[in-house]
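Before any comments, here is the structure.
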Amino acid sequence: VGTFKKVWKEEGPATLFDGWEPTFLGFFFAGGTAFFLTEYFRRTYTALSTTLIMTSQSASEITATSITSNYEIPLIIASAATSGFLCCFIIAPFEAIRVRTVAQPDYADNIFGVASRMIQEEGFPSLFSAVPVWFLKEVPYNVMKFLVFDTSTEYLLQAYPVAREDIRLSLLISLIGGTLGGIAATIVSNPADVVVTEMKKAKSDMSMLEAVDILLQRAGPAAFAKGMQLRMVFYSLLVSLQFLLYDAIRIALGVGSDDMKLYLNVLGAALSETSTT
């Protein structure tokens with residue numbers, strides 16, 4: 569709150585919106601991709617697990633499916649981790665531009681100018697130089713986001729089954745689950761977020777380890793918790809709105825959760841048949 573007041577007083581309210589364009593674009597593309605890929609890999613890994621159980625234990629498909637259902641949490645973790653890994657390559661360049669825009673307001677006139685100057689002066693790979701750090705941020709972030717959302721909403725739907733038929737309650741549960749997922753995701757990803765900011769706020773060839781060393785010298789281990797409260801507010805809002813928007817569109821189109829599962833199952837089967845032919 570103190571930082572917010574200081575920035576508002578000394579630099580004006582417009583400063584609070586610096587870097588919003590790359591932030592919006594990065595989370596729009598990476599967020600949408602994460603939802604699709606997480607669900608895709610979840611179904612892929614579930615199908616692979618079922619096949620392996622059928623083969624190794626000579627079990628029927630019904631028995632294998634029943635056994636696989638007991639591993640729901642590991643499957644969520646594996647699918648979200650794979651999705652998060654791939655999304656790092658999408659969000660890293662947007663975040664590099666955002667950090668430079670905020671840290672050096674006079675660096676260029678707009679995000680295209682920032683990107684162009686960074687590429688000219690530092691090379692195209694500079695936009696992806698923080699990808700290794702993003703693995704440490706985005707993978708646990710994505711895992712916690714989906715894991716906490718899925719487990720919390722499932723618990724709430726079991727506790728209040730009427731919400732399955734009530735649109736407002738269903739959306740409220742999505743909002744709660746998304747908020748909890750965003751808070752949990754912030755806690756596990758904040759240290760890497762701080763390192764990324766240190767690496768990309770100025771033109772340099774700073775490595776991940778060098779950034780970590782500078783942060784430790786500056787403030788000790790507490791440096792990796794810097795900005796956590798603000799990020800917690802931002803990510804809880806972001807994640808809750810993502811899940812709320814997803815469910816709102818699904819409900820508005822009259823698509824039930826079972827209908828969505830059926831559609832994705834048919835799509836997955838079609839893709840599998842295509843890949844084998």
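Residue numbers for the sequence shown follow the working numbering, beginning at 569 and rising by one. Beta carbons: idealized from backbone N, C-alpha and C, even for Gly. The structure presented is a predicted model; accordingly, all values stated were derived computationally and were not measured.
From the options, pick the residue whose C-alpha is nearest to that of residue i; which is it?
i: L806; options: Y709, S651, F696 and V701; result: Y709
i: S808; options: L724, L743, R799 and T612; result: L743
i: F604; options: I819, A820 and Q810; result: Q810
i: K768; options: A731, I735 and P661; result: P661
i: I755; options: Y723, M796 and M774; result: M796
i: I819; options: R786, L739 and A790; result: L739
i: Y814; options: G788, V780, F802 and G745; result: G745
i: F595; options: A727, R786 and I658; result: I658
i: S804; options: M712, A664, L724 and L704; result: M712
i: A816; options: M774, V780 and I735; result: I735
i: L704; options: T619, R799, A753 and L812; result: A753
i: N758; options: P673, R799 and D781; result: R799
i: M774; options: F696, F802, A731 and E733; result: F696
i: V699; options: E663, R668 and Q672; result: E663
i: T650; options: I687, I679, A632 and F609; result: F609
Tell me whether residue i sits in a helix, a strand or coil according to DSSP, three-state version.
i: W588; result: helix
i: K794; result: coil
i: M774; result: coil
i: D815; result: helix
i: Y723; result: helix
i: V834; result: Here V834 scores only 49 on pLDDT, less than 50, and its place in the model should not be relied on; the value that follows carries that caveat. Here V834 sits in helix by DSSP.
i: S628; result: coil
i: Y613; result: helix
i: Y608; result: helix
i: Y709; result: helix
i: Y728; result: coil
i: D674; result: coil
i: A598; result: helix
i: A698; result: coil
By Cβ distance below 7 Å, which residues in the same chain neighbour residue i in space, the five residues on each side in sequence not counted?
i: T591; result: R666
i: Y639; result: S617
i: A791; result: V762, L783 and L784
i: T614; result: T636 and L643
i: A598; result: C655, I658 and I659
i: L812; result: L739, S742, L743 and G746
i: P593; result: The displayed chain sequence assigns Leu, not Pro, to residue 593. So the qualifying residues of the chain are F662.
Please work out which residues of its chain come closer than 6 Å, Cβ to Cβ, to residue i, disregarding the five sequence neighbours upstream and downstream, and give them in chain order.
i: Y831; result: Low confidence applies to Y831: its pLDDT is 49, below 50, so where it sits in the model is not reliable, and the reading given next is rough at best. Excluding residues within five positions, none has a Cβ falling inside 6 Å.
i: V701; result: A760, V763, V764 and M776
i: A676; result: V682 and R685
i: A648; result: T606, N710, V711 and F714
i: L724; result: I741
i: I589; result: Here the sequence assigns Glu to residue 589, which means Ile is not the residue at that position. Contacts found: I679.
Which residues bound the alpha helix (DSSP H) around residue i?
i: A671; result: E640 to A671
i: E766; result: I735 to K768
i: G681; result: I679 to E690
Is residue i near the ligand MN, going by C-beta to nearest heavy atom under 7 Å?
i: P673; result: Of the ligands one can find in the structure shown there are none, so the ligand MN has no counterpart to examine.
Once the 5 residues before and after residue i are set aside, which same chain residues still bring their CB inside 8 Å of it?
i: A627; result: I621 and I635
i: V834; result: Residue placement at V834 is poorly supported in this model, since its pLDDT is 49, which falls under 50; the coordinates are not used for a value here.
i: I645; result: V711 and L715
i: A787; result: K794
i: I641; result: L715 and T719
i: E766; result: M774, A779, I782 and L783
i: S694; result: A664, M686 and I687
i: T619; result: A632
Measuring only between beta-carbons, confirm whether residue i sits less than 8 Å from chain B.
i: I819; result: Looking for chain B here will not work: only one protein chain is present.
### Message
With a threshold of 8 Å, are at least 3 pairs of Cβ atoms found where one atom belongs to the stretch 596-610 and the other to the stretch 637-654?
### Response
Counting C-beta pairs with one atom in each stretch, the stretch 596-610 and the stretch 637-654 have three or more that are closer than 8 Å, which means they touch.
### Query
Counting pairs of beta carbons, one from the stretch 737-752 and one from the stretch 710-717, are three or more of them closer than 8 Å?
yes
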